[in-house]
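The structure under discussion appears below in the form of structure tokens.
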Amino acid sequence: MRALAQFRIGNVWGDTARLLQSRVRNFPAANLTRLYTHNVQVDKWNDFQLAGLPGNESVLQAEQTGPEYQREFLTKNLLTPATLRLKPGALVSFTVNKNEPGRTRPLFVNGQVGTVEEIRPRLVVVRVGEGETVSVEPFTWRYDSQDTDSAVFTQFPLRLAWAMTIHKAQGLTLDAAYLDIRAAREPGQAYVAVSRVRTLSGLHFKEWFRGAHVSPEAIRFYEALA
């Protein structure tokens, strides 16, 4: 995609800029995943959307064991939150891939979006398509897969998907997203946000941005490849 090439060097111009400007949306769909630069924006939108759903909120806490500094690392860096707040009707995304023997396609994949149908002890039922649901069980991450004494983090591999930070979206692939990159000041942050979306038709901007920040080292690297 030509737009991604221009985001890499921080210079979005010409026909590419005009094409991307056509993707600005003032009134996006409420269930469209939003990518923000800061946690405060993410928490505000997720809290607002969750509060608007009927029913009681379920608070699911991760089970953690092992050295404290390793637990802190997992809590900070995993896409899955240590405290997962859900209700039926909540928009969620999966944070791992899961396959089952005999299936022609994965049961679910990292970044796939669905809607919570039911919350049971040790099980969350998520609707992933028209009439299709999957049963999600807790998943365990280990700080060091080779060390049985290292920290473990067990939680449902889900997160609220109405909004997330660009940082937490790294590694995800989204069918569609609503991006607010006006405050993207870290080098490469705007590129990461745009590159999360599979297609141009799924790419939506809150407003047009003034620029895409790129480190001088990155620019020299790409210039050397030209």
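Oh and the sequence shown: position 184 is 183 in numbering that gives the first Met the number 0, straight run, nothing missing.
Note that beta-carbon positions come from the ideal geometry of N, C-alpha and C, so glycine has one too.
The structure displayed is predicted, hence computed values, not measured ones.
Below 7 Å between beta carbons: does that hold for residue i and residue j?
i, j, result
"ALA176", "THR32", "yes"
"THR147", "GLU62", "no"
"GLN69", "SER149", "yes"
"PHE204", "VAL41", "no"
"GLN169", "VAL193", "no"
"VAL135", "VAL123", "yes"
"THR161", "ASN38", "The sequence shown places Trp at residue 161, rather than the Thr named in the question. No, the pair does not count as a contact, with Cβ atoms beyond the cut-off."
"THR82", "GLN60", "yes"
"LEU106", "LYS97", "yes"
"VAL151", "GLY54", "no"
Would you mind reading off the limits of the alpha helix (DSSP H) that contains residue i?
i, result
"GLN188", "188–194"
"PHE155", "Premise fails: PHE155 is in no alpha helix (DSSP H) and is neither H nor E."
"ALA168", "165–168"
Straight-line CA distance for residue i to residue j?
i, j, result
"ILE218", "ASP179", "Bear in mind that a pLDDT of 47 at ILE218, under 50, signals an unreliable position, so the model cannot answer this."
"GLU129", "THR114", "11 Å"
"SER214", "TYR35", "In this predicted model, SER214 has a pLDDT of only 42, less than 50, meaning its place in the structure is not dependable enough to derive any value."
"PRO27", "ARG126", "22 Å"
"ARG121", "GLN188", "36 Å"
"ASP72", "ALA50", "Strictly speaking, residue 72 in this sequence is Phe, with Asp absent from that position. Answer to the nearest angstrom: the Cα atoms are 29 Å apart."
"GLY13", "TRP207", "14 Å"
"THR103", "GLU131", "15 Å"
"ALA29", "ASP143", "39 Å"
"ASP174", "LEU202", "9 Å"
"ALA89", "LYS43", "15 Å"
Along the chain, where does the beta strand (DSSP E) that runs through residue i open and close?
i, result
"THR139", "138–141"
"VAL204", "A quick correction: the sequence has Phe, not Val, at residue 204. Segment 202–204, the beta strand (DSSP E) holding PHE204."
"VAL39", "Element bounds for VAL39: not the beta strand (DSSP E) but the alpha helix (DSSP H), 38–50."
"ARG119", "112–119"
"ARG22", "Unbroken run through ARG22: none, as it is neither H nor E."
"ARG70", "No beta strand (DSSP E) holds ARG70; the alpha helix (DSSP H) holding it covers 67–76."
"LEU59", "57–60"
"THR132", "131–135"
"GLY128", "122–128"
"ALA176", "176–178"
"LEU34", "33–35"
Taking residue i and residue j to be in contact with their CB atoms under 8 Å, please state how far apart those CB atoms are, rounded to whole angstroms.
i, j, result
"VAL91", "LEU159", "6 Å"
"VAL95", "PHE47", "Wrong, their Cβ atoms sit about 27 Å apart, outside the cutoff."
"THR172", "ARG141", "Incorrect: roughly 24 Å between the Cβ atoms, too far for contact."
"PRO87", "ILE118", "7 Å"
"ASN109", "PHE93", "6 Å"
*asked:* Just to confirm the assignment: which complete beta strand (DSSP E) runs, minimum length 3, are found wholly within the stretch 86–110?
replied: Runs found: 90–93.
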